[in-house]
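Novice: Take this structure, written in structure tokens, and hold onto it; I'll ask about it next.
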Amino acid sequence: MKLKKSTKYWLISVGSVFLTALIGSLATFRAIDGWYQALTKPIFNPPNWIFGPVWTVLYLILIVVLFLILNSNPTKHRQKVLNLFYLQLFFNALWSIVFFGFNLIGSALFTIAILWFLIFLCITNANKFSLNSGWLMIPYLLWVSFASVLNYSIWLLN
Numbered sequence: 040m041k042l043k044k045s046t047k048y049w050l051i052s053v054g055s056v057f058l059t060a061l062i063g064s065l066a067t068f069r070a071i072d073g074w075y076q077a078l079t080k081p082i083f084n085p086p087n088w089i090f091g092p093v094w095t096v097l098y099l100i101l102i103v104v105l106f107l108i109l110n111s112n113p114t115k116h117r118q119k120v121l122n123l124f125y126l127q128l129f130f131n132a133l134w135s136i137v138f139f140g141f142n143l144i145g146s147a148l149f150t151i152a153i154l155w156f157l158i159f160l161c162i163t164n165a166n167k168f169s170l171n172s173g174w175l176m177i178p179y180l181l182w183v184s185f186a187s188v189l190n191y192s193i194w195l196l197n
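All residue numbers for the sequence shown refer to this note's numbering, where the first residue is 40 and numbers rise by one.
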């Protein structure tokens with residue numbers, strides 16, 4: 040029995056974002072109580088328990104965004120946005136690997152700058168054909184902006 044197109048898109052959306060979250064979590068959990076705990080952090084660094092709920096909400100939003108993009112009319116522009124979306128998911132996971140897995144704060148700063156730019160491109164391009172999918176990514180961009188400042192501050196302090 041063939042799955043309906045929307046069900047297939049929903050499964051792709053959940054799977055893609057879940058895989059990104061899983062990779063990021065595996066890199067993060069190993070370092071959070073060791074290396075990361077020992078770093079000097081800025082005064083505005085949130086407590087560790089904040090990150091899990093925030094990322095959970097953001098990943099749920101990203102699932103919806105990817106579904107909206109996949110479920111829109113297949114055009115050349117949609118493919119461009121899909122490519123940007125998957126690329127930003129890759130850099131999302133890569134940042135956790137570089138920062139927490141390899142403990143490379145400066146390289147992670149470069150990685151998160153690329154991530155921020157890709158999210159921005161996703162938003163501006165998605166808004167051209169699916170206004171909701173673009174606007175839904177604004178909280179994600181804001182959180183990555185904050186994470187960028189945090190990454191930069193940790194780099195300066197260490």
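Glycine residues also receive a C-beta, built at the ideal position from the N, C-alpha and C atoms.
Everything numeric in this text was worked out from a predicted model, so none of it was measured.
Is residue 85 helix, strand or coil when you go by DSSP?
Specialist: Three-state result, residue 85: coil.
Novice: Assign residue 163 to one of three DSSP states: helix, strand, or coil.
Specialist: Reduced to three states, the DSSP call for residue 163 is helix.
Novice: Quick one: which unbroken alpha helix (DSSP H) runs of 4-plus residues sit fully inside the region 83–122? Chain order, please.
Specialist: Within the region 83–122, the complete alpha helix (DSSP H) runs of at least 4 residues are 87–109.
Novice: Is residue 134 buried or exposed, if buried means 16 or more other CB atoms sit within 10 Å of its CB?
Specialist: Buried, since its Cβ has 16 or more Cβ neighbours within 10 Å.
Novice: Go ahead and label residue 117 buried or exposed: buried means 16 or more other beta carbons lie within 10 angstroms of its beta carbon, across all protein chains shown.
Specialist: Classification for residue 117: buried.
Novice: Can you give the Cα-Cα distance for residue 136 and residue 62, rounded to whole angstroms?
Specialist: C-alpha separation (whole angstroms): 8 Å.
Novice: Report the three-state DSSP secondary structure of residue 79 (helix, strand or coil).
Specialist: If DSSP states are grouped into helix, strand and coil, residue 79 belongs with coil.
Novice: Where does residue 52 land, buried or exposed, given buried means 16+ other C-beta within 10 angstroms?
Specialist: Residue 52 comes out buried.
Novice: Alpha carbon to alpha carbon, how far is residue 194 from residue 145?
Specialist: Going by the C-alpha atoms only, they are around 6 Å apart.
Novice: Relative to the alpha-carbon of residue 125, which residue among 113, 114 and 109 has its alpha-carbon at the smallest distance?
Specialist: Of the candidates 113, 114 and 109, the one whose C-alpha sits nearest the C-alpha of residue 125 is 109.
Novice: State the DSSP-derived secondary structure class of residue 172, mapped to helix, strand or coil.
Specialist: Three-state DSSP puts residue 172 in a helix.
Novice: Grab the span of the alpha helix (DSSP H) containing residue 190 for me, first residue to last.
Specialist: Residues 177–196.
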